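**Student:** Attaching a single structure in structure tokens format; questions to follow.
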Amino acid sequence: MSKLLVKADKGHGRVAHVTPQIAGWTYVGFDLHRLKPGESASGKTDDREVCLVFVTGKGNATAGGKDLGLLGERMSPFEGKPWSVYVPEGSDWSVTADTELELAACSAPGLGGGLAVRVIRPDDLGQEVRGKGTNTRYVTNILPEGKPADSLLVVEVITPGGHTSSYPPHKHDQDNLPAESYLEETYYHRLNPPQGFAFQRVYTDADKNGHRALDEAMAIEDGDVVLVPKGYHPCAACHGYDLYYLNVMAGPKRTWKFHNAPEHEWLMKA
62 MSKLLVKADK GHGRVAHVTP QIAGWTYVGF DLHRLKPGES ASGKTDDREV
112 CLVFVTGKGN ATAGGKDLGL LGERMSPFEG KPWSVYVPEG SDWSVTADTE
162 LELAACSAPG LGGGLAVRVI RPDDLGQEVR GKGTNTRYVT NILPEGKPAD
212 SLLVVEVITP GGHTSSYPPH KHDQDNLPAE SYLEETYYHR LNPPQGFAFQ
262 RVYTDADKNG HRALDEAMAI EDGDVVLVPK GYHPCAACHG YDLYYLNVMA
312 GPKRTWKFHN APEHEWLMKA
């Protein structure tokens, strides 16, 4: 199995756990908690910031000493927009499930920005359609560049069955602004219906001999997490199975500037 593929546990509790140390990088962390009603997840941000995304279900949340009440709404990631909570560095947080709950804890370094805890409501979120034809996908911006955070960028995408996404292939692995930014990235994948599968390839440019430093092609199943330390990272959803993914990105500068694979850039004009 590829070292870039993290298989979430099938039970309850913290079912997926990615830290910079585990991933072998510097910035992005990702935990997934799957809770039964009455079960809780909690954490301390220390020197990091956290975005809690209610992927599915409802729960009572506290953060930074504040009771935020009952949050969450949708029971499927393929319907509607999520509730989320931004938790700055130096804060505690806790969520107790009211229903079956899938909670993502997305993290990255705090930079002393002095930001406050805030609830991010579905009505606060912008949505957009990207691509054309069988490259069409639907994007919900949870924590984009234009919203306050120190390092985190968080977005979710739905790719209909038979469509591609993160395509044409692009990368963001060079700290070379304004042309390209360095961002590590995780993908948390869900499938509808859940017995389906999709594909993701993570690869770098070939050298003069046609060799690539990284080239991993993965079959993605419901609940899988994919690590993107560098390189291009397109996805393909199989016919009959819609693909959802939650992206977490962070790097030395909080901006998303990507570079398209030159051999595939013609698709942008097609």
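My numbering applies: residue 62 is where the sequence shown begins, and numbers increase by one.
All residues carry an ideal CB built from backbone N, CA and C; glycine is no exception.
All figures in this text were calculated on a predicted structure; none of them were measured in a lab.
Is the stretch 265-273 touching the stretch 204-221 in the sense that three or more CB pairs, one from each, lie closer than 8 Å?
**Tutor:** No: the two stretches stay apart, fewer than three of their Cβ pairs being nearer than 8 Å.
**Student:** Check whether the Cβ atoms of isoleucine 203 and valine 218 sit closer than 7 Å, and answer yes or no.
**Tutor:** As a working note, residue 203 is residue 142 in the sequence shown. As a working note, residue 218 is residue 157 in the sequence shown. Against a cut-off of 7 Å, the Cβ pair of valine 218 and isoleucine 203 comes out as no contact.
**Student:** Name the residue from His78, Leu288, Leu304 and Tyr147 whose alpha carbon lies nearest to the alpha carbon of glycine 257.
**Tutor:** In the sequence shown, residue 257 corresponds to position 196, counting from 1. Per the Cα distances, Leu304.
**Student:** Just to confirm my understanding: we take histidine 320, look at its own chain, exclude 5 residues before and 5 after, and list those with CB closer than 6 Å. What are they?
**Tutor:** If you number the sequence shown from 1, residue 320 lands on position 259. Counting only Cβ-Cβ distances below 6 Å, and skipping sequence neighbours, we find Lys232 and Glu241.
**Student:** Rounded to a whole number of angstroms, what is the C-alpha to C-alpha distance between isoleucine 181 and proline 149?
**Tutor:** For the purposes of this step, residue 181 is identified with residue 120 of the sequence shown, where counting begins at 1. For the purposes of this step, residue 149 is identified with residue 88 of the sequence shown, where counting begins at 1. Isoleucine 181 and proline 149: Cα-Cα distance of roughly 13 Å.
**Student:** Helix, strand or coil for aspartate 268 per DSSP?
**Tutor:** Taking the sequence shown and counting its residues from 1, the one referred to as residue 268 is at position 207. Note: aspartate 268 maps to coil in three-state DSSP.
**Student:** Which residues bound the alpha helix (DSSP H) around alanine 169?
**Tutor:** Residue 169 sits at position 108 when you count from the first residue of the sequence shown. Premise fails: alanine 169 lies in the beta strand (DSSP E), 162-170, not in any alpha helix (DSSP H).
**Student:** Return the residue from the list Arg315, Gly222 and Lys269 that minimises the CA-CA distance to tyrosine 302.
**Tutor:** Mapped onto the sequence shown, residue 302 falls at position 241. When only C-alpha atoms are compared, the closest one is Gly222.
**Student:** According to DSSP, what are the bridge partners of threonine 157?
**Tutor:** For the purposes of this step, residue 157 is identified with residue 96 of the sequence shown, where counting begins at 1. Looking at the DSSP assignment, threonine 157 forms a beta bridge with Ser101 and Asn121.
**Student:** For threonine 197, which residues from the same chain have a beta carbon less than 8 Å from its beta carbon, with the 5 sequence-adjacent residues on both sides left out?
**Tutor:** Start at 1 with the first residue of the sequence shown, and residue 197 comes out as number 136. Correct list, in chain order: Val190, Arg191, Pro221 and His224.
**Student:** Taking the straight line between their C-alpha atoms, what separation do you get for alanine 177 and valine 156?
**Tutor:** Looking up residue 177 in the sequence shown gives position 116. Looking up residue 156 in the sequence shown gives position 95. Their backbone Cα atoms lie some 18 Å apart in a straight line.
**Student:** Here's the rule: buried if 16 or more other CB atoms are within 10 angstroms of the residue's CB, otherwise exposed. What is glycine 194?
**Tutor:** Numbered from its first residue, the sequence shown carries residue 194 at position 133. The residue in question, glycine 194, is exposed, as its Cβ has fewer than 16 Cβ neighbours within 10 Å.
**Student:** Glutamate 163: which of Val200, Trp317 and Lys71 sits nearest, CA to CA?
**Tutor:** As a first step, residue 163 is located in the sequence shown; it is residue number 102 there, counting from the start. Closest by alpha carbon: Lys71.
**Student:** Taking the Cβ atom as the reference point for each residue, do leucine 66 and alanine 165 lie within a distance shorter than 7 Å?
**Tutor:** Residue mapping note: residue 66 aligns to position 5 of the sequence shown, counting from 1. Residue mapping note: residue 165 aligns to position 104 of the sequence shown, counting from 1. Against a cut-off of 7 Å, the Cβ pair of alanine 165 and leucine 66 comes out as no contact.
**Student:** Quick check on glycine 194: does DSSP put it in helix, strand or coil?
**Tutor:** Along the sequence shown, read from residue 1 onward, the residue named residue 194 stands at position 133. It is helical.
**Student:** Considering only their Cβ atoms, is the gap separating tyrosine 249 from proline 295 smaller than 7 Å?
**Tutor:** By 1-based counting over the sequence shown, the position of residue 295 is 234. By 1-based counting over the sequence shown, the position of residue 249 is 188. Not in contact: proline 295 and tyrosine 249 (Cβ atoms no closer than 7 Å).
**Student:** Which of the three DSSP states, helix, strand or coil, is assigned to leucine 328?
**Tutor:** Numbered from 1 along the sequence shown, position 267 holds the residue referred to as residue 328. Looking at leucine 328 - three-state DSSP - the assignment turns out to be helix.
**Student:** Considering only residues of the same chain and omitting the five flanking positions on each side of glutamate 326, which have a CB-CB separation below 7 Å?
**Tutor:** Within the sequence shown, the letter at position 265 stands for residue 326. Excluding sequence neighbours, glutamate 326 sits near Pro229.
**Student:** Please state whether the Cβ-Cβ distance between leucine 93 and valine 76 is less than 7 Å.
**Tutor:** Taking the sequence shown and counting its residues from 1, one reaches residue 93 at position 32. Taking the sequence shown and counting its residues from 1, one reaches residue 76 at position 15. Cβ distance < 7 Å, so leucine 93 and valine 76 count as in contact.
**Student:** Does DSSP put aspartate 184 in a helix, a strand or coil?
**Tutor:** In the sequence shown, counting from the first residue as 1, residue 184 sits at position 123. Looking at aspartate 184 - three-state DSSP - the assignment turns out to be helix.
**Student:** Within 10 angstroms of the Cβ of glutamate 324, are there 16 or more other Cβ atoms? Answer buried if so, exposed if not.
**Tutor:** Taking the first residue of the sequence shown as position 1, residue 324 is located at position 263. Flag for glutamate 324 reads exposed.
**Student:** Give the single residue among Lys330, Arg262 and Gly85 whose Cα lies nearest to the Cα of alanine 297.
**Tutor:** Taking the first residue of the sequence shown as 1, we reach residue 297 at position 236. When each option's Cα is compared against that of alanine 297, the closest is Arg262.
**Student:** Measure the C-alpha to C-alpha separation of glycine 74 and serine 103 and round it to an integer number of angstroms.
**Tutor:** For the purposes of this step, residue 74 is taken as residue 13 along the sequence shown, with counting starting at 1. For the purposes of this step, residue 103 is taken as residue 42 along the sequence shown, with counting starting at 1. C-alpha separation (whole angstroms): 11 Å.
**Student:** Measure the beta-carbon distance from aspartate 108 to proline 170 and round it to whole angstroms, keeping in mind my assumption that it falls under 8 Å.
**Tutor:** Here the question's residue 108 lines up with position 47 in the sequence shown. Here the question's residue 170 lines up with position 109 in the sequence shown. Indeed they touch by this definition, with Cβ atoms about 7 Å apart.
**Student:** Relative to the C-alpha of proline 290, which candidate in Leu252, Asn253, Leu244 and Thr201 has its C-alpha closest?
**Tutor:** Position 229 of the sequence shown holds residue 290. Here the closest residue by C-alpha is Leu244.
**Student:** Leaving out five residues before and five after serine 335 in sequence, what residues of the same chain have Cβ atoms less than 8 Å from its Cβ?
**Tutor:** Residue 335 cannot be examined here, being either before or after the span of the chain that is shown, 62 to 331.
**Student:** Between which residues of its own chain and arginine 251 is the CB-CB distance below 6 Å, once the five residues before and five after are set aside?
**Tutor:** Mapped onto the sequence shown, residue 251 falls at position 190. Closer than 6 Å at the Cβ level, and outside the excluded window around arginine 251, lie Pro138, Asp283 and Tyr305.
**Student:** Taking C-beta to C-beta, are valine 114 and proline 143 nearer than 7 Å?
**Tutor:** For the purposes of this step, residue 114 is taken as residue 53 along the sequence shown, with counting starting at 1. For the purposes of this step, residue 143 is taken as residue 82 along the sequence shown, with counting starting at 1. It is a contact, given that the beta carbons lie within the stated cut-off.
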